[in-house]
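A quick write-up on the structure given underneath.
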Amino acid sequence: MKPTRTWVLIADGARARILENDGPNHGLTAIEGLEFEGDHSATHDLVPDREGRSFSSHGHGRSAIDARSDPHRDLKAKFADRLADVLAQRLEQKSYDRLIIVASPVTLGDLRTAISAQVRALVVGEVAQDLTKIPNDEVAGHLKNVLIA
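When the letters of the sequence shown are read in order and numbered with this note's numbering, they come out as residues 11 to 159.
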(Lines of atoms letter the chains of each structure in order from A; the text may use other names.)
(Lines give C-alpha, C1' and ligand atoms only; values in the text may rest on other atoms or scores of the structure.)
Protein backbone atom coordinates (compact mmCIF):
# COMPACT_ATOMS: atom_id res chain seq x y z
CA MET A 11 0.00 0.00 0.00
CA LYS A 12 1.32 3.41 -1.01
CA PRO A 13 1.96 5.78 1.93
CA THR A 14 -0.17 8.90 2.25
CA ARG A 15 1.96 11.92 1.39
CA THR A 16 1.07 14.89 3.54
CA TRP A 17 2.56 18.21 2.59
CA VAL A 18 3.02 20.93 5.19
CA LEU A 19 3.14 24.44 3.74
CA ILE A 20 4.88 26.83 6.14
CA ALA A 21 4.48 30.46 5.09
CA ASP A 22 4.39 34.09 6.00
CA GLY A 23 3.90 37.03 3.66
CA ALA A 24 7.34 36.75 2.06
CA ARG A 25 8.82 33.30 2.83
CA ALA A 26 7.55 29.78 2.42
CA ARG A 27 8.68 26.18 2.28
CA ILE A 28 7.00 22.83 1.89
CA LEU A 29 7.83 19.82 4.01
CA GLU A 30 6.57 16.27 3.51
CA ASN A 31 5.42 13.55 5.87
CA ASP A 32 4.92 10.08 4.41
CA GLY A 33 3.46 8.32 7.41
CA PRO A 34 3.16 8.10 11.18
CA ASN A 35 6.43 8.63 13.05
CA HIS A 36 8.29 9.47 9.83
CA GLY A 37 8.85 13.12 10.69
CA LEU A 38 9.03 15.92 8.15
CA THR A 39 11.51 16.24 5.31
CA ALA A 40 12.19 19.27 3.15
CA ILE A 41 11.26 18.96 -0.51
CA GLU A 42 14.04 20.18 -2.77
CA GLY A 43 13.05 23.14 -4.93
CA LEU A 44 10.01 24.06 -2.85
CA GLU A 45 11.38 27.00 -0.89
CA PHE A 46 10.07 30.41 -1.87
CA GLU A 47 11.04 34.03 -1.27
CA GLY A 48 8.71 36.93 -1.96
CA ASP A 49 9.57 40.52 -2.69
CA HIS A 50 11.18 42.34 0.26
CA SER A 51 11.29 45.77 -1.39
CA ALA A 52 11.39 48.86 0.78
CA THR A 53 8.36 51.14 0.72
CA HIS A 54 10.23 53.89 -1.12
CA ASP A 55 10.92 51.41 -3.95
CA LEU A 56 7.24 50.49 -4.23
CA VAL A 57 5.51 53.87 -4.25
CA PRO A 58 6.22 57.12 -6.05
CA ASP A 59 7.86 59.96 -4.16
CA ARG A 60 4.74 62.08 -4.39
CA GLU A 61 1.15 61.07 -4.79
CA GLY A 62 -0.61 62.29 -7.92
CA ARG A 63 -2.72 65.42 -7.95
CA SER A 64 -6.08 66.08 -9.50
CA PHE A 65 -8.20 69.09 -10.29
CA SER A 66 -11.18 69.68 -8.05
CA SER A 67 -14.59 69.44 -9.65
CA HIS A 68 -15.55 72.48 -7.56
CA GLY A 69 -13.45 75.58 -8.03
CA HIS A 70 -9.93 75.92 -9.33
CA GLY A 71 -7.91 74.08 -6.69
CA ARG A 72 -5.97 70.85 -6.91
CA SER A 73 -5.68 68.18 -4.27
CA ALA A 74 -3.54 65.14 -3.64
CA ILE A 75 -4.84 61.72 -4.59
CA ASP A 76 -4.62 59.24 -1.73
CA ALA A 77 -3.07 55.88 -2.42
CA ARG A 78 -5.89 53.34 -2.17
CA SER A 79 -3.78 50.29 -1.39
CA ASP A 80 -0.84 49.24 0.71
CA PRO A 81 1.95 48.08 -1.62
CA HIS A 82 3.37 45.65 0.96
CA ARG A 83 -0.08 44.15 1.48
CA ASP A 84 -0.44 43.75 -2.30
CA LEU A 85 2.92 41.95 -2.49
CA LYS A 86 1.87 39.54 0.26
CA ALA A 87 -1.39 38.73 -1.55
CA LYS A 88 0.53 38.14 -4.80
CA PHE A 89 2.93 35.85 -2.93
CA ALA A 90 -0.05 33.83 -1.66
CA ASP A 91 -1.35 33.62 -5.24
CA ARG A 92 2.05 32.31 -6.36
CA LEU A 93 2.02 29.64 -3.65
CA ALA A 94 -1.54 28.66 -4.59
CA ASP A 95 -0.45 28.24 -8.22
CA VAL A 96 2.42 25.95 -7.18
CA LEU A 97 0.09 23.86 -5.02
CA ALA A 98 -2.38 23.51 -7.90
CA GLN A 99 0.36 22.53 -10.38
CA ARG A 100 1.83 19.96 -8.01
CA LEU A 101 -1.62 18.56 -7.28
CA GLU A 102 -2.08 17.96 -11.01
CA GLN A 103 1.19 15.99 -10.87
CA LYS A 104 -0.22 14.02 -7.90
CA SER A 105 2.72 15.09 -5.73
CA TYR A 106 0.72 15.03 -2.48
CA ASP A 107 -2.42 13.48 -1.00
CA ARG A 108 -3.11 15.82 1.94
CA LEU A 109 -2.14 19.37 2.84
CA ILE A 110 -1.60 21.16 6.13
CA ILE A 111 -1.23 24.94 5.96
CA VAL A 112 0.81 26.64 8.68
CA ALA A 113 0.93 30.39 8.16
CA SER A 114 0.79 33.72 9.90
CA PRO A 115 -2.87 34.73 10.36
CA VAL A 116 -2.94 37.27 7.51
CA THR A 117 -1.12 34.91 5.14
CA LEU A 118 -3.47 32.08 6.10
CA GLY A 119 -6.39 34.29 5.08
CA ASP A 120 -4.70 35.15 1.78
CA LEU A 121 -4.05 31.47 1.09
CA ARG A 122 -7.64 30.51 1.87
CA THR A 123 -8.74 33.03 -0.75
CA ALA A 124 -6.11 32.04 -3.31
CA ILE A 125 -6.16 28.23 -3.32
CA SER A 126 -8.38 26.35 -5.73
CA ALA A 127 -11.31 24.19 -4.67
CA GLN A 128 -9.32 21.08 -5.64
CA VAL A 129 -6.45 22.03 -3.35
CA ARG A 130 -8.86 23.12 -0.59
CA ALA A 131 -10.43 19.64 -0.67
CA LEU A 132 -7.08 18.16 0.43
CA VAL A 133 -6.53 20.55 3.35
CA VAL A 134 -6.72 18.48 6.54
CA GLY A 135 -5.42 21.11 8.93
CA GLU A 136 -4.64 24.78 9.35
CA VAL A 137 -2.47 26.44 11.96
CA ALA A 138 -2.50 30.24 12.26
CA GLN A 139 1.09 30.58 13.43
CA ASP A 140 4.30 31.81 11.82
CA LEU A 141 6.82 28.96 11.90
CA THR A 142 8.97 30.19 9.01
CA LYS A 143 11.97 30.77 11.28
CA ILE A 144 11.67 27.40 13.05
CA PRO A 145 14.20 24.81 11.80
CA ASN A 146 12.69 21.92 9.84
CA ASP A 147 13.63 19.35 12.47
CA GLU A 148 11.63 21.26 15.11
CA VAL A 149 8.46 21.90 13.10
CA ALA A 150 6.86 18.50 13.78
CA GLY A 151 6.93 19.24 17.51
CA HIS A 152 4.74 22.30 16.90
CA LEU A 153 2.25 20.29 14.83
CA LYS A 154 1.66 17.15 16.91
CA ASN A 155 -2.11 17.63 17.06
CA VAL A 156 -2.41 18.29 13.33
CA LEU A 157 -0.02 15.66 11.96
CA ILE A 158 -1.78 12.75 13.67
CA ALA A 159 -5.14 13.68 12.14
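We put the beta carbon where it would ideally sit given N, CA and C, even for glycine.
Quick caveat, the model's predicted, so the values are computed rather than measured.
Applying the 10 Å Cβ sphere with the 16-neighbour rule, what's the burial state of residue i?
{"i": "G162", "result": "Absent from the structure is residue 162, since the part of the chain shown begins at 11 and ends at 159."}
{"i": "E140", "result": "The displayed chain sequence assigns Asp, not Glu, to residue 140. D140 should be labelled buried."}
{"i": "Y106", "result": "buried"}
{"i": "L56", "result": "Note that L56 scores 49 on pLDDT, short of 50, meaning its location in the model is unreliable and no value can be drawn from it."}
DSSP on residue i, reduced to helix/strand/coil?
{"i": "R92", "result": "helix"}
{"i": "T142", "result": "coil"}
{"i": "T39", "result": "strand"}
{"i": "A150", "result": "helix"}
{"i": "Q128", "result": "helix"}
If residue i and residue j are in contact, beta carbons under 8 Å, what's the gap, nearest whole angstrom?
{"i": "V134", "j": "L109", "result": "7 Å"}
With a CB to CB cut of under 8 Å and the five nearest residues on each side skipped, what residues in its chain are close to residue i?
{"i": "Q128", "result": "A98 and L101"}
{"i": "L93", "result": "L19, A21, A26, F46, L121 and A124"}
{"i": "A138", "result": "A113, S114, P115 and L118"}
DSSP has residue i in a bridge; who is on the other side?
{"i": "R27", "result": "I20 and E45"}
{"i": "L109", "result": "W17 and V133"}
Within the same chain, show all residues whose beta-carbon is closer than 6 Å to that of residue i, passing over the 5 residues directly before and after it, in chain order.
{"i": "L44", "result": "I28"}
Note down, in chain order, each residue of its chain lying with its Cβ closer than 7 Å to the Cβ of residue i, except the 5 sequence neighbours on either side.
{"i": "E136", "result": "I111 and L118"}
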